[in-house]
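Number of protein chains: 2
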Amino acid sequence: MIGDRRINALDQILELVVLINDDMTRSLARDGLTVSRTHLLWELRRHGPMPQRDLAAALRVSARTVTGLVDGLEATGFVSRQPHPTDRRATLVTFTERGLRTVEAMEHGQREFADLLFAQMPAERLDCLTAGLGEILNRLRGLDPARQQPSEGDR
Amino acid sequence: MIGDRRINALDQILELVVLINDDMTRSLARDGLTVSRTHLLWELRRHGPMPQRDLAAALRVSARTVTGLVDGLEATGFVSRQPHPTDRRATLVTFTERGLRTVEAMEHGQREFADLLFAQMPAERLDCLTAGLGEILNRLRGLDPARQQPSEGDR
DNA sequence: CCACACCGTGAGTCATGCTCACTAGTTTGT
DNA sequence: ACAAACTAGTGAGCATGACTCACGGTGTGG
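So this is what it looks like as structure tokens:
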């Protein structure tokens, strides 16, 4: 029955989520990072130095929370606060040397991880996997942030 | 280049992890549950009433943590503590009526979720997705709990 | 009977995230 | 040009969740 296959696939996905999550958390902890802090770092990586308010918007958390995250990242030397060139109220969060190196190392590590994960997987299977994941992602994106009444069960 | 495809696929997986995680957390919160508490519930569902020490082993957390989780689940009426029939030191954690109903509803919701996620996906793509995920899961399982020096980067 | 096992509590840590109130700067509207 | 209105960041305080170690009571079993 087709339903069983779907359940099966969903189970796989749920297990994947757990495993990746754990692995991520563990690996970040080794670097003295946490998930939220890393999200911030990635935002910075994508957009360059930015004021905290923009980070708050991008990460969808309150300004106060960003202050806390930046505090932590600053304390461990990944980012530093710089004066905003034109708005003296604002603070520009920028990478330190170390922060930049760390993020680059993470990108590199990610590449290695991808290679490890998909090693010896034939190209067509990889394509098909990508296509399938793409479909699923579209559906998931559709029911994520805005709506509130629509969805129902997940795990 | 093949590496790019892999990075791509990994990015998809990472996004999937985030989306599913958020969705799960939100949906569980609606039921008055958290992820850890739900893990415990699932363990109970799989193995039936069990003493806390077994839960601790199954969930790989300390006994103290289990006490806390069970406290929470008991307070919200999902489980209850029963005396162990033969070992009077031990406590059997069992579902309440409500807990059982909730877990069954979650299973049902999961089925619906799977249908939603894979709706209109041709069978062969589903198969291929499953196969690909299976491969990845095997690799991930391999580097999860025991080893400590081996892996490297993830997100 | 005594070492060990099962639970529970106390106390404390860390991460995340919220609100409220406040300061210091910036804009806007006359 | 200047006050009113708003914005950026943060101090203080609170809650929740997950987890730990250390300690103690009670029961088991050799």
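Residue numbers (the UniProt record's numbering), protein chains in the order written: chain A, 1 to 155; chain B, 1 to 155.
All residues carry an ideal CB built from backbone N, CA and C; glycine is no exception.
- Task: Thinking B:P49 and B:Q82 are a contact (beta carbons under 8 Å), I'd like their distance in whole angstroms, please.
- Result: 7 Å
- Contacts around B:A105, its chain only, beta-carbon distance under 7 Å, and the 5 residues preceding and following it disregarded: none
- Task: Pull up the distance between the alpha-carbon of B:T25 and that of A:E135, whole angstroms please.
- Result: 22 Å
- Task: Identify every residue that forms a DSSP beta bridge with A:L92.
- Result: A:P51, A:Q82
- Message: Counting only C-beta atoms, is A:R30 closer than 7 Å to chain B at any point?
- Response: no
- Is B:M1 helix, strand or coil when you go by DSSP? coil
- Item | Same chain, Cβ closer than 6 Å to A:Q149, five either side skipped, listed in chain order | For A:Q149, the pLDDT reaches just 33, beneath the cut-off of 50, and the residue's location in the model is therefore unreliable, leaving the point undetermined.
- Query: Which ranges would you report for the alpha helix (DSSP H) in the segment 118 to 149 of chain A if only whole runs of at least 4 residues count?
  - Reply: 123 to 142
- Query: Of all the CB atoms in chain A, is at least one closer than 7 Å to the CB of B:T130?
  - Reply: yes
- Task: Please name the residue in B:G32, B:C128, B:R125, B:Q110 whose C-alpha comes closest to that of A:L10.
- Result: B:Q110
- Task: Between the Cα of B:G99 and those of B:S80, B:A123, B:I20, spot the shortest distance and give me the residue it belongs to.
- Result: B:S80
- Pairing CB atoms from the segment 60 to 78 of chain A with CB atoms from the segment 26 to 39 of chain A, are three or more of them under 8 Å? yes
- Measure the alpha-carbon distance for A:T102 versus A:L117 and round it to whole angstroms. 22 Å
- Message: Using CA atoms only, rank isn't needed, just tell me which of A:A123, A:R64, A:P85 is closest to B:R6.
- Response: A:A123
- Message: Between which residues of its own chain and B:D54 is the CB-CB distance below 7 Å, once the five residues before and five after are set aside?
- Response: none
- Message: Let me see if you follow: with CB-CB separation under 7 Å, is A:R125 close to chain B or not?
- Response: yes
- How would you label A:Q52, buried or exposed, when you count the other beta carbons within 10 angstroms and need 16 or more for buried? buried
- Could you tell me whether the Cβ atoms of A:L59 and A:H84 are closer together than 7 Å? no
- Message: Using a Cβ-Cβ cutoff of less than 7 Å, which residues in the same chain neighbour A:C128 once the five nearest sequence positions on both sides are dropped?
- Response: none
- Task: Step through the CB atoms of chain B and report whether any lies within less than 7 Å of the CB of A:V17.
- Result: yes
- Determine the extent of the alpha helix (DSSP H) in which residue 174 of chain B is found, giving its start and end residues. The displayed coordinates of chain B run from 1 to 155. Any statement about residue 174 of chain B would go beyond what the structure contains.
- Item | Under 8 Å from the C-beta of A:A114: neighbouring residues of chain B | G3, R6, I7, A9, L10
- Distance CB(B:T91)-CB(B:G77) smaller than 7 Å: no
- Message: Buried or exposed, going by whether 16 or more other CB atoms sit within 10 Å of the CB of B:G142?
- Response: exposed
- Selected residue, minimal CA-CA separation from B:R45, among B:E107, B:A131, B:L133, B:T130: B:E107
- Task: Would you identify the three-state DSSP class for A:L19, choosing helix, strand or coil?
- Result: helix
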